[in-house]
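Taking it in order: structure first as structure tokens, then the write-up.
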Amino acid sequence: MRDLALVDSFGGTDADNDDILLKAFEDHEAYQDILKFKKFLVIGKKGSGKTAIFKKIITTRADDTFSYGHTFSDYPWHFHQQQAKAGIPNDEKFTHSWKYLILISLSKIILNQDNSLPFNDESREAMSKLEAFIVDAYGSRDPDLTQVFNPQREIRLKPHFELNFKILKAGASAESISIADLPTVIQEVNAQLMKLVLASLNPEHKYFIAFDQLDLGFDNKADDYISRLIGLLLAGRDINIAAKNAQVKFLVTVFLRDDIYNVLRFEDKNKITENFMSLIEWDTPRTTKTLKSLMEKIFSIVASDIDIEQDVKWSDIFNETREMPGHQSKYDHIKDRTYLRPRDMIKFANSALAKFKERLNSPASNTQDDKRKIDNIDIHSARHEYSEYFLREIDDEVHKHFPEYEKFLDVLRAVGTWQFEKSTFEIVLSQIFSKSDKTSSEALEELYDYSFIGFYKAGGSGYGGSEYVFKYRDSRASFSHASTRFRIHPGLIEVLGLKKV
10 MRDLALVDSF GGTDADNDDI LLKAFEDHEA YQDILKFKKF LVIGKKGSGK TAIFKKIITT
70 RADDTFSYGH TFSDYPWHFH QQQAKAGIPN DEKFTHSWKY LILISLSKII LNQDNSLPFN
130 DESREAMSKL EAFIVDAYGS RDPDLTQVFN PQREIRLKPH FELNFKILKA GASAESISIA
190 DLPTVIQEVN AQLMKLVLAS LNPEHKYFIA FDQLDLGFDN KADDYISRLI GLLLAGRDIN
250 IAAKNAQVKF LVTVFLRDDI YNVLRFEDKN KITENFMSLI EWDTPRTTKT LKSLMEKIFS
310 IVASDIDIEQ DVKWSDIFNE TREMPGHQSK YDHIKDRTYL RPRDMIKFAN SALAKFKERL
370 NSPASNTQDD KRKIDNIDIH SARHEYSEYF LREIDDEVHK HFPEYEKFLD VLRAVGTWQF
430 EKSTFEIVLS QIFSKSDKTS SEALEELYDY SFIGFYKAGG SGYGGSEYVF KYRDSRASFS
490 HASTRFRIHP GLIEVLGLKK V
């Protein structure tokens, strides 16, 4: 890059509000798998880039591509809760209500977005029946999807569907049914809706219904929450298989945090994992994707706004001819202070950029430091601001599920060093937080579960070298109660005032 001082920032950390981040994900395999209708489930840790791909899907505008995105910050879960189908296993009790919501969402696209429809006589007949049902049920061909399960609503079944009305409960009309009674016939209604929507679609066009922000209100002890998520995954899989069999390009796609997916237990989970799941990871043995390559895309996008240069490498921004302490490259030094998430890397890079620009404007600037690139002193200067950001990020995720974590952080502050022995932690815990209802092992395990700390794992013959194991690197790695040596995440060193000894 010709003049780094002209760069304001390397973009934002929030995919909801940053176009640069959206552009940077265009070649990610998870995004490409969706566009190719190969996989529908995208799994990754918070901040890994799921929402960037979700936004990319739902904001793409083309004459042959249509989408609708569901986010659940304002979704009326209490209405959906009432749609649980009684008398069937928990894993499946919400599957049919999810299918209904998906099919109504696709109907909205068919009736209001794709101007190529109807594209033949079969499509015309199916659309006519579909429109009649939607207008009759919701008063408009463009219904408000947050009101799909409003219990005050009734939907007419005749003459739109040919159902076995003997299954209706006593007192219910064969002409119409209340939303409260919909679970009694929803399986049959979905079957008829499925035929109509799939027959309506243009086989040359692409259609997507996407679900994000499913972690809002996450509680791994709430059975209904777990059942709803399982129901969505099963509904998405079934509809996607039906669409493929009908030879139309329609995909239900779901974005979910990896720690939430890991706690789900249901039949066929392994089949979904093996055949329909894309994993968003960075710098792990399971992927070729690195945060460095992502940042290089971001650098190039930023450079194109101020320069003719398009292909910007990491070493064009950071002076990698000088090592950081411990003989680390600047990339590894920064990466170790992240949760291997784009948002963390972008935040650190922006903080370092700001310190670089401050250095250029300072008359006391050291001539040893590179005047064209971010150098060691800029990295050091950025660490405290970044460390405060990092703790705030953790707080956003942890405070609901681990409300006493701040008291345990006080214990780590009092320990005072980056690496510590279990015996030291036990002594300080008894002094700082004597009223804790957790044993030292329980406290360490909880700190590990949220990646505040990692435990030492000794290497051995044939098993590779020794290492510190952190949950953020592998969400499936369990805590070792046998370990006696621990390390605090490097991103917390400054904010906790620790010594690196």
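If you're matching positions, the sequence shown starts at 10 in our numbering and goes up one per residue.
Yeah, the Cβ is synthetic: ideal placement off N, Cα and C, and Gly gets one too.
Since we're looking at a predicted model, the values are computed, not measured.
Residue i, enclosing beta strand (DSSP E) - first and last residue
{"i": "Leu31", "result": "Careful: Leu31 lies outside any beta strand (DSSP E), inside the alpha helix (DSSP H) at Asp28 to Ala33."}
{"i": "Asp7", "result": "Residue 7 lies beyond the residue range present for the chain, which begins at 10 and ends at 510; the question has no answer from this structure."}
{"i": "Gly463", "result": "Ile462 to Lys466"}
{"i": "Ser187", "result": "Ser185 to Ser187"}
{"i": "Tyr477", "result": "Glu476 to Val478"}
{"i": "Phe495", "result": "Arg494 to Ile497"}
Nearest-angstrom Cα separation, counted from residue j out to residue i
{"i": "Ile502", "j": "Asn159", "result": "50 angstroms"}
{"i": "Ser338", "j": "His37", "result": "25 angstroms"}
{"i": "Ile441", "j": "His490", "result": "22 angstroms"}
{"i": "Val321", "j": "Arg485", "result": "35 angstroms"}
{"i": "Asn199", "j": "Tyr395", "result": "50 angstroms"}
{"i": "Ser470", "j": "Glu476", "result": "Only weak support exists for where Ser470 lies, its pLDDT of 45 falling under 50; the value from the coordinates is given anyway. Spanning the two alpha carbons is a distance of roughly 14 angstroms."}
{"i": "Ala179", "j": "Ile143", "result": "Confidence at Ala179 is low in this model, with a pLDDT of 49, below 50, so its placement is unreliable and the value that follows should be read with caution. Going by the C-alpha atoms only, they are around 26 angstroms apart."}
{"i": "Thr60", "j": "Asp221", "result": "7 angstroms"}
{"i": "Lys230", "j": "Asp379", "result": "53 angstroms"}
{"i": "Asp28", "j": "Tyr77", "result": "19 angstroms"}
{"i": "Gly58", "j": "Phe479", "result": "20 angstroms"}
{"i": "Gly500", "j": "Thr426", "result": "13 angstroms"}
{"i": "Tyr465", "j": "Asp267", "result": "24 angstroms"}
{"i": "Ser18", "j": "Asn359", "result": "6 angstroms"}
{"i": "Val157", "j": "Ala244", "result": "17 angstroms"}
{"i": "Arg482", "j": "Lys45", "result": "29 angstroms"}
{"i": "Phe488", "j": "Asp458", "result": "8 angstroms"}
{"i": "Ala391", "j": "Glu402", "result": "17 angstroms"}
{"i": "Lys55", "j": "Arg350", "result": "8 angstroms"}
{"i": "Phe259", "j": "Ala219", "result": "11 angstroms"}
{"i": "Arg331", "j": "Lys356", "result": "22 angstroms"}
{"i": "His214", "j": "Asp73", "result": "5 angstroms"}
{"i": "Ile497", "j": "Asp341", "result": "17 angstroms"}
{"i": "Ala146", "j": "Arg237", "result": "24 angstroms"}
{"i": "Asp42", "j": "Thr155", "result": "29 angstroms"}
{"i": "Ile66", "j": "Ile307", "result": "19 angstroms"}
{"i": "Leu7", "j": "Asp232", "result": "Nothing about residue 7 can be reported from this structure: the residues present for the chain run from 10 to 510 only."}
{"i": "Lys416", "j": "Ser439", "result": "12 angstroms"}
{"i": "Leu305", "j": "Trp323", "result": "Note that residue 305 corresponds to Glu in the displayed sequence, not to Leu. Rounded to the nearest angstrom, the two C-alpha atoms are 6 angstroms apart."}
{"i": "Ile462", "j": "Glu329", "result": "28 angstroms"}
{"i": "Ile281", "j": "Glu184", "result": "39 angstroms"}
Terminal residues of the alpha helix (DSSP H) in which residue i lies
{"i": "Thr104", "result": "Thr104 to Asn121"}
{"i": "Thr60", "result": "Lys59 to Thr68"}
{"i": "Tyr414", "result": "Tyr414 to Val424"}
{"i": "Arg392", "result": "Asn385 to Val407"}
{"i": "Ala93", "result": "Taken as a continuous stretch (DSSP letters only), Ala93 belongs to no alpha helix (DSSP H), as it is neither H nor E."}
{"i": "Ala355", "result": "The sequence shown places Ile at residue 355, rather than the Ala named in the question. It spans Pro351 to Leu369 - the alpha helix (DSSP H) in which Ile355 sits, taken as one unbroken run."}
{"i": "Ala39", "result": "Glu38 to Leu44"}
{"i": "Ala232", "result": "A quick correction: the sequence has Asp, not Ala, at residue 232. Start and end: Asp232 to Asn254."}
{"i": "Leu453", "result": "Ser449 to Asp458"}
{"i": "Ile195", "result": "Ile195 to Ser209"}
{"i": "Ala135", "result": "Asp130 to Tyr147"}
Identity of the residues DSSP links to residue i by a beta bridge
{"i": "Leu288", "result": "Ile52"}
{"i": "Arg266", "result": "Gly53"}
{"i": "Ser76", "result": "Phe217"}
{"i": "Phe259", "result": "Tyr216"}
{"i": "Phe88", "result": "Its beta-bridge partners do not exist; DSSP assigns none."}
{"i": "Ile164", "result": "Ile186"}
{"i": "Ala71", "result": "Thr74"}
{"i": "Glu430", "result": "Arg494"}
{"i": "Gln337", "result": "Met333"}
{"i": "Phe327", "result": "Ile383"}
{"i": "Lys508", "result": "Thr426"}
Whole-number beta carbon distance between residue j and residue i, since they are thought to touch under 8 angstroms
{"i": "Leu241", "j": "Val272", "result": "Not a contact, Cβ separation roughly 15 angstroms."}
{"i": "Ile186", "j": "Asp100", "result": "So it is not a contact: roughly 25 angstroms between Cβ atoms."}
{"i": "Leu300", "j": "Met354", "result": "5 angstroms"}
{"i": "Arg494", "j": "Glu430", "result": "6 angstroms"}
{"i": "Leu126", "j": "Leu202", "result": "Going by Cβ atoms, the distance from Leu126 to Leu202 rounds to 16 angstroms, so no, they are not a contact pair."}
{"i": "Tyr348", "j": "Ser445", "result": "No, Tyr348 and Ser445 are not in contact; Cβ-Cβ is about 26 angstroms, not under 8 angstroms."}
{"i": "Ala423", "j": "Val437", "result": "5 angstroms"}
Next on the checklist: Does the structure place the stretch 114-122 close enough to the stretch 204-211 that three or more beta carbon pairs sit under 8 angstroms?
Outcome noted: yes
Checklist entry - Taking contact to mean at least 3 C-beta pairs separated by less than 8 angstroms, is the stretch 47-55 in contact with the stretch 361-368? => result no
Checklist entry - Taking contact to mean at least 3 C-beta pairs separated by less than 8 angstroms, is the stretch 268-287 in contact with the stretch 130-147? => result no
Checklist entry - Hey, is the stretch 288-303 in contact with the stretch 247-256, meaning 3+ C-beta pairs nearer than 8 angstroms? => result no
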